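All remarks here apply to the structure that follows.
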Amino acid sequence: MRLATWNINSIRSRADRALAFLERSGTDVLALQETKCKDEQFPREVFEAAGYEVATSGYSQWNGVAIVSRVGIADVERGFVGQPAWGEEPVVEARALGATCGGVRVWSLYIPNGREIDNPHYAYKLEWLERLREQAASWLTPGPDGAGDPSAQIALVGDWNIAPLDEDVWDIEVFAGRTHVTPAERAAFAAFATAGYTEVTREHIPARTFTYWDYQQLRFPRNEGMRIDFTYASPTLAARVTGVTIDRNERKGKGASDHVPVILDLAD
DNA sequence: ATGACCAGCTTGGCTGGA
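Residue numbers 0 to 267, in numbering that gives the first Met the number 0, belong to the letters of the first sequence in order.
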């Protein structure tokens with residue numbers, strides 16, 4: 000099975016690119032982030048006409064996550080238990096969508112950006128990651144009610160908005176005092192390993208291979224990017240990963256997202 | 001060359017992105 004994740008930065012602007020990517024890459028399950036539309040605005044017919052099923056979570060023009068699958072979509076969950084809210088009138092944003100596709104519990108995740116370190120959005124980001132990690136740990140932990148399953152196949156995929164290593168940004172000095180590289184964010188990211196998950200893209204992808212390049216200042220042609228799109232896999236799923244590809248070509252040309260797809264190959 | 005921000009909404013100047 001082939002499982003991919005992609006922050007598409009507006010599905011309505013790039014539905015054609017997404018479908019072309021699916022067919023070119025032979026991807027079975029595609030987790031999308033920043034779809035930037037409400038559920039009723041999602042161009043699901045583009046995918047359904049090509050034989051895919053679609054699950055969406057979108058409440059406004061911001062955020063938005065979706066899963067597109069040709070191996071089934073079952074038990075769709077919009078948001079996770081305990082997911083923090085944001086805003087003056089607190090709202091649980093469309094940043095997490097779970098569905099079971101081809102036997103894998105896939106979570107399409109768009110972790111909050113954090114904005115600046117002294118912005119309340121940064122505390123929200125850290126809280127969001129902690130609550131997600133607690134839930135993710137529970138999914139692998141058997142309880143008296145049989146809530147968790149240590150052998151579950153779970154993929155936590157998406158735009159984590161964290162660069163875990165200095166080499167995950169083109170110039171660490173540019174990021175001094177900014178979000179995405181702080182010890183607190185990196186600790187929140189690493190805690191998923193303590194919870195029993197393995198980040199499975201690292202070992203397959205060379206250092207300084209990026210997944211995001213800002214639209215401004217020739218960042219892509221200069222290869223001044225960031226690596227912030229990752230996949231944490233449960234033990235049984237991690238054991239199935241045979242390869243990982245970052246589709247750098249998808250950043251080229253007019254109308255590209257600022258992120259590119261990250262593709263996992265899973266043994267049958 | 002891979003090229004000099006982009007998306008959405010309030011349609012024109014904001015917000016959010018990282």
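For every residue, glycine included, the Cβ atom is placed at its ideal position computed from N, Cα and C.
A quick note: this is a predicted structure, and the numbers were derived from the prediction, not measured.
Have a look at residue i and residue j and give me their C-alpha separation to the nearest angstrom.
i: Arg-13; j: Ala-192; result: 33 Å
i: Ala-238; j: Ala-49; result: 31 Å
i: Glu-92; j: His-179; result: 20 Å
i: Arg-114; j: Glu-126; result: 14 Å
i: Arg-104; j: Arg-177; result: 33 Å
i: Gln-82; j: Thr-181; result: 22 Å
i: Gly-57; j: Gly-252; result: 27 Å
i: Ala-146; j: Val-173; result: 44 Å
i: Phe-79; j: Arg-130; result: 9 Å
i: Ser-107; j: Asn-118; result: 25 Å
i: Val-90; j: Ser-9; result: 21 Å
Compare the beta carbon distance of residue i and residue j with 8 Å and say whether it is the shorter of the two.
i: Ile-227; j: Val-243; result: no
i: Tyr-196; j: Asp-257; result: no
i: Arg-185; j: Pro-163; result: yes
i: Asp-158; j: Ile-110; result: yes
i: Asp-264; j: Thr-241; result: yes
i: Ala-98; j: Ala-73; result: yes
i: Ser-68; j: Glu-44; result: no
i: Arg-132; j: Ala-190; result: yes
i: Gln-40; j: Asn-6; result: no
i: Ala-194; j: Ala-135; result: yes
i: Pro-42; j: Arg-11; result: yes
By the 10 Å Cβ neighbour count, where 16 or more other Cβ atoms means buried, how is residue i classified, buried or exposed?
i: Ser-150; result: exposed
i: Thr-210; result: buried
i: Gln-216; result: exposed
i: Pro-143; result: exposed
i: Val-64; result: buried
i: Thr-140; result: exposed
I'd like the list of long-range same chain contacts for residue i, defined as Cβ closer than 6 Å, with 5 residues on each side in sequence excluded.
i: Gln-60; result: Lys-35
i: Thr-235; result: Ser-150, Gln-152
i: Val-156; result: Thr-4, Ala-30, Thr-230
i: Asp-167; result: Arg-226
i: Asp-246; result: Val-259, Pro-260
i: Lys-124; result: Pro-111, Gly-113
i: Met-0; result: Asp-27, Gly-101, Leu-265
i: Leu-128; result: Ala-187
i: Val-199; result: Thr-230, Ala-232, Ala-237, Val-240
i: Asp-38; result: Thr-55, Gly-57
To which residues of the same chain is residue i closer than 7 Å at the C-beta, ignoring the five residues directly before and after it?
i: Arg-250; result: Trp-212, Phe-219, Val-259
i: Arg-77; result: Ser-56, Leu-96
i: Arg-207; result: Glu-166
i: Gly-25; result: Arg-1
Please check the pair residue i and residue j, which I expect to be a contact at CB under 8 Å, by giving their CB distance rounded to whole angstroms.
i: Trp-169; j: Glu-223; result: 4 Å
i: Val-27; j: Gly-101; result: It is Asp, not Val, that sits at residue 27 in the sequence shown. About 6 Å; that satisfies the 8 Å criterion.
Suppose the cutoff is 8 Å on Cβ atoms and the five residues either side in sequence are ignored; what does the same chain contact list for residue i look like?
i: Tyr-121; result: Gly-113, Arg-114, Glu-115, Thr-178
i: Gly-71; result: Glu-52, Thr-99, Cys-100, Gly-101
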